[in-house]
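A.B. asks:
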Amino acid sequence: MDAGLHEESPRVLVVDDEKVIREILSDFLTMEGFLVRTVENGEAALRELSRRSYNLVISDLKMPKMGGLELLSQIEEQGINVLTVIMTGFGTVETAIEAMKKGAYDYILKPFKVEEVVHIVQRGLERQQLQTENIRLKEALSLYKISEAISQSLSLDHILELITNVTIEEGQADAVSLLLEDEEGSRTFVERIRRCNGSEELFGELNAEELLRCHEEELPALAHGVKAHRFFSKPPRSQRIVSFCSIPLVIRHHVLGMLNVYSFSRGARFTEGTRKMLSILGNRAAVSIENAKLYENLLQSNRELESANLSLEENFRQTIVGFANALEESDLYTRGHSERVSLYSRMIAEAMLLSPQEIETVVLAAKVHDIGKIGIPTDMLNKPGRLTPDEIAVFREHPEKGRRILEPVPFLRDLIEGTYCHHEAWDGSGYPRGLAGEGIPRLGRIVAIADAFDAMTSDRAYRKALPHESAVSELRRCAGTQFDPNIVEIFLRELEKRRERSDEAWTNARALAAQAAASF
């Protein structure tokens, strides 16, 4: 018995040669809100898994044509990303252990209680969703980290090393390689750098011609299991590929390189979200690589110009200024400042008796509230004097840029109000939208106060930190105009409580935040 499938609910595939078992599980799981299909053996299950994606498979152990253990082996070999639960009426400890070794999430003995099966399915899907959200958060923060690093260098070798090292550390990849065009327009690519967690034999030999064809035709070079072999002239021999993804490095519609990531670990399967995250990284890396190449060419040209008694110094200075305007720099104070803002925001959220989930959302939003400052030049961020109108306009773009960074990741969308609205003002005079009063999302109002207090009590390039009492007075003065007056009172009351208690945890947290800022 099959239920009609749509995209919103979790998909479950039931595999059993007994029709009555299939029907019972389908009926009960459908009543619980799952989208269910049923098939009679492992071979049919593999065909179904090749046609559409599923969140979970419930499979009998012994079936004609292909049993549950062989199905598990095939799922792993083909790199299919799905949780699997094995059920059997012939269970032994040895069988259970073997199923777990082959990647089963859980094991059910027949006869079973339907409630037990439903509970196992729900628990497995909750775990799967949590893992997916954690991966998305890690990908976004990894992108932030990589973007910071590569935008600060004009050395090609250094940029390539940064890209590969951070990708393998943060991107759940077992191996990374980066190919660059041998000569511009040659359509010949050479491997410039590789990194791996293991033997060099893991890499095999890539089919650069096939990869280039996919990239030029804008086809996704993402594959799993044996299907990834099409991208290799000689696939890796020492270990089976679980997932492979290649990202083009493109400048002005021209492929100048390819970033390739490999997974050999069961459960670490690249997704379309991974590919999109790596594509964003690839775009930023391509610009930095192109800039580094231009810079190296510039040095060579300047050496030649020097021999002809041309003004090397002036040419070099003008070129460096051009690159400084093009490269994306980041705020020297971001890390320490964001940690302290998150500390103050947690204090406010707890005092407002928000739920644990809401408190964690507030804290995380505070940590990334200035993520939109990526790309603002360092000299502007650290300018000691008054900003010009044009510089103010650049600064005022960072809430919108932050929104655009967070919006593509569903798990991070709850944080957008903190990033997008922390410069709105209670009286409507803020930006970017000029919201007023309770029309400003609560998350934005909380972060705004925490952000302002830390900015006032921290050293900046253009001024020294204000004394605590002066900052408190300024918050009170601006309550009801710039800030939510109720939240200001909550914040100041909690701040005073902690100062009176000399709260050890609070002191330690402030010290750690200060240490992070000093080490950045």
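As numbered in the numbering used here, residues 795 to 1314 make up the sequence shown, in order.
Ideal Cβ placement from N, Cα and C applies to all residues, glycine included.
(1) So, under 8 Å CB-CB, lysine 896 and leucine 866 are touching, yes? Tell me the CB distance rounded to an integer number of Å.
(2) Does the distance from the C-beta atom of isoleucine 1142 to that of isoleucine 957 stay below 8 Å?
(3) In the DSSP assignment, find the unbroken alpha helix (DSSP H) run with histidine 1023 in it and report its ends.
(4) Is the distance from the Cβ of histidine 1163 to the Cβ of aspartate 1245 below 8 Å?
(5) Please report the straight-line C-alpha distance between leucine 1005 and isoleucine 891, rounded to a whole angstrom.
(6) Are the beta-carbon atoms belonging to valine 1055 and threonine 961 less than 8 Å from one another?
(7) Report yes if the C-beta distance between aspartate 976 and valine 970 is below 8 Å; otherwise report no.
(8) Between leucine 823 and valine 912, which are expected to be in contact by the criterion C-beta below 8 Å, what is the C-beta distance as a whole number of angstroms?
(9) Taking the alpha carbon of alanine 1273 as the reference point, which residue from Arg1295, Asp951, Arg1239 has its own alpha carbon closest?
(10) If you check the beta carbons only, do threonine 1213 and arginine 1197 fall under 8 Å apart?
(11) From Ser1139, Val1266, Gln1094, pick the residue whose C-alpha is nearest to that of glutamate 1290; which is it?
(12) With H, G and I counted as helix, E and B as strand and the rest as coil, what does DSSP make of threonine 1181?
(13) When DSSP labels each residue in this structure, what does glutamate 975 get in the three-state scheme?
(14) Identify, in the order they occur along the chain, each residue of the same chain with its Cβ nearer than 7 Å to the Cβ of histidine 787, setting aside the five sequence neighbours on each side.
(15) Pick from Ala1145, Gln1151, His1018, Lys1167: whose alpha carbon is nearest that of histidine 1131?
(16) Valine 1135 and valine 769 - do their beta-carbons sit closer together than 8 Å?
(17) Compute the distance between the beta-carbons of histidine 1216 and tyrosine 1225, then report whether it is under 8 Å.
(18) With respect to the alpha helix (DSSP H) encompassing tyrosine 899, which residues constitute its N-terminal and C-terminal limits?
(19) Tell me the rounded alpha-carbon separation between arginine 831 and isoleucine 1074.
(20) Return the CA-CA distance between serine 1040 and phenylalanine 1064, expressed in angstroms with no decimal places.
(21) Quick check on this structure: which residue in Glu1011, Arg1034, Gln966 has the alpha carbon closest to the alpha carbon of glycine 998?
(22) Tell me the rounded alpha-carbon separation between leucine 1286 and leucine 1269.
(23) Please state the DSSP three-state secondary structure of serine 847.
(24) May I have the straight-line CA-CA distance separating arginine 1031 from lysine 1021, to the nearest angstrom?
(25) Look at the alpha carbon of glutamine 1187 and the alpha carbon of glutamate 1011, and state the distance between them as a whole number of angstroms.
(26) Name the one or two DSSP bridge partners that methionine 1052 has.
(27) Might you give, ordered along the chain, the residues of its own chain that have their beta carbon closer than 7 Å to the beta carbon of glutamate 1090, omitting 5 neighbours on each side?
(28) By the 10 Å Cβ neighbour count, where 16 or more other Cβ atoms means buried, how is valine 1044 classified, buried or exposed?
(29) Mind checking who lysine 1028 pairs with in its DSSP beta bridge?
(30) Within a Cβ cutoff of 7 Å, which residues of the same chain sit near isoleucine 914, ignoring the five residues on either side of it in sequence?
(31) So, helix, strand or coil for valine 830, using DSSP?
(32) Can you tell me whether glutamate 1211 is buried or exposed? The criterion is at least 16 other CB atoms within 10 Å of its CB, across all chains shown.
(33) Over the uninterrupted beta strand (DSSP E) stretch that includes isoleucine 987, give me the two end residues.
(34) Between the Cα of glutamate 870 and the Cα atoms of Ile1153, Val1036, Asp1278, Leu1200, which residue gives the shortest distance?
(35) Any idea what DSSP makes of isoleucine 1035, helix, strand or coil?
C.D. replies: With the structure as the only source:
(1) Residue numbering aside, residue 896 sits at position 102 when the sequence shown is read from its first letter. Residue numbering aside, residue 866 sits at position 72 when the sequence shown is read from its first letter. With a Cβ gap of about 4 Å, lysine 896 and leucine 866 count as contacting.
(2) Numbered from its first residue, the sequence shown carries residue 1142 at position 348. Numbered from its first residue, the sequence shown carries residue 957 at position 163. Taking 8 Å as the Cβ cut-off, isoleucine 1142 and isoleucine 957 do not qualify as a contacting pair.
(3) On the sequence shown, residue 1023 is found 229 positions in, with the first residue counted as 1. Taken as a continuous stretch (DSSP letters only), histidine 1023 belongs to no alpha helix (DSSP H), as it is neither H nor E.
(4) Along the sequence shown, read from residue 1 onward, the residue named residue 1163 stands at position 369. Along the sequence shown, read from residue 1 onward, the residue named residue 1245 stands at position 451. Contact flag set, yes.
(5) Within the sequence shown, residue 1005 is the residue found at index 211, counting from 1. Within the sequence shown, residue 891 is the residue found at index 97, counting from 1. Their Cα atoms are separated by approximately 40 Å.
(6) Looking up residue 1055 in the sequence shown gives position 261. Looking up residue 961 in the sequence shown gives position 167. Yes, they are a contact pair.
(7) Within the sequence shown, residue 976 is the residue found at index 182, counting from 1. Within the sequence shown, residue 970 is the residue found at index 176, counting from 1. Here aspartate 976 is not near valine 970, since their CB atoms are 8 Å or more apart.
(8) To locate residue 823, count along the sequence shown from 1; it is residue 29. To locate residue 912, count along the sequence shown from 1; it is residue 118. Sure, about 7 Å apart at Cβ, within 8 Å.
(9) Along the sequence shown, one-based indexing puts residue 1273 at 479. Minimum Cα distance to alanine 1273 is reached at Arg1239.
(10) On the sequence shown, position 419 is the one that residue 1213 refers to. On the sequence shown, position 403 is the one that residue 1197 refers to. Their beta carbons are under 8 Å apart, which means threonine 1213 touches arginine 1197 by this criterion.
(11) Residue mapping note: residue 1290 aligns to position 496 of the sequence shown, counting from 1. Cα-wise, what sits closest to glutamate 1290 is Val1266.
(12) Sequence index remark: in the sequence shown, residue 1181 carries index 387 (1-based). The identity of residue 1181 in the sequence shown is leucine, whereas the question assumes threonine. Leucine 1181: coil per DSSP, three-state reduction.
(13) Translated into the one-based positions of the sequence shown, residue 975 becomes position 181. Strand.
(14) Outside the displayed range of the chain (795 to 1314) lies residue 787, so it cannot be described from this structure.
(15) Numbered from its first residue, the sequence shown carries residue 1131 at position 337. Ranking the options by Cα distance to histidine 1131, first place goes to Lys1167.
(16) In the structure as shown, the chain begins at 795 and stops at 1314. Residue 769 is therefore absent and cannot be evaluated.
(17) Here residue 1216 is taken as the residue at index 422 of the sequence shown, counted from 1. Here residue 1225 is taken as the residue at index 431 of the sequence shown, counted from 1. Not in contact: histidine 1216 and tyrosine 1225 (Cβ atoms no closer than 8 Å).
(18) Position 105 of the sequence shown, counted from the start, is the residue given in the question as residue 899. Per DSSP, tyrosine 899 belongs to no alpha helix (DSSP H) and is neither H nor E.
(19) Within the sequence shown, numbered from 1, the residue matching residue 831 stands at position 37. Within the sequence shown, numbered from 1, the residue matching residue 1074 stands at position 280. Arginine 831 and isoleucine 1074: Cα-Cα distance of roughly 36 Å.
(20) Numbered from its first residue, the sequence shown carries residue 1040 at position 246. Numbered from its first residue, the sequence shown carries residue 1064 at position 270. Each residue's alpha carbon lies about 11 Å from the other.
(21) Locating residue 998 in the sequence shown gives position 204, counting from the first residue. Of the candidates Glu1011, Arg1034, Gln966, the one whose C-alpha sits nearest the C-alpha of glycine 998 is Arg1034.
(22) One-based indexing of the sequence shown puts residue 1286 at position 492. One-based indexing of the sequence shown puts residue 1269 at position 475. Roughly 9 Å between the two C-alpha positions.
(23) Here residue 847 refers to the residue found at position 53 of the sequence shown. Here serine 847 sits in coil by DSSP.
(24) Stepping through the sequence shown from its first residue, residue 1031 is reached at position 237. Stepping through the sequence shown from its first residue, residue 1021 is reached at position 227. Rounded to the nearest angstrom, the two C-alpha atoms are 15 Å apart.
(25) In the sequence shown, the residue the question calls residue 1187 occupies position 393. In the sequence shown, the residue the question calls residue 1011 occupies position 217. The displayed chain sequence assigns alanine, not glutamine, to residue 1187. Near 39 Å, if we compare the C-alpha coordinates of glutamate 1011 and alanine 1187.
(26) Within the sequence shown, the letter at position 258 stands for residue 1052. Leu973, Pro1042, per the DSSP bridge assignment.
(27) Residue numbering aside, residue 1090 sits at position 296 when the sequence shown is read from its first letter. Taken in chain order, the residues that qualify are Leu950.
(28) Counting from one through the sequence shown, the residue named residue 1044 turns up at place 250. With 16 or more Cβ atoms within 10 Å of its Cβ, valine 1044 is classed as buried.
(29) In the sequence shown, counting from the first residue as 1, residue 1028 sits at position 234. Answer is Glu999, bridged to lysine 1028.
(30) Translated into the one-based positions of the sequence shown, residue 914 becomes position 120. So the list reads Val879, Asp900, Ile902, once near-sequence residues are dropped.
(31) Counting from one through the sequence shown, the residue named residue 830 turns up at place 36. Three-state result, valine 830: strand.
(32) Taking the sequence shown and counting its residues from 1, the one referred to as residue 1211 is at position 417. So glutamate 1211 ends up on the buried side.
(33) As a position in the sequence shown, residue 987 is number 193, starting the count at 1. Unbroken beta strand (DSSP E) run through isoleucine 987: 983-990.
(34) The residue given as residue 870 occupies position 76 in the sequence shown. Nearest option by C-alpha distance: Val1036.
(35) Counting from one through the sequence shown, the residue named residue 1035 turns up at place 241. Isoleucine 1035: coil per DSSP, three-state reduction.
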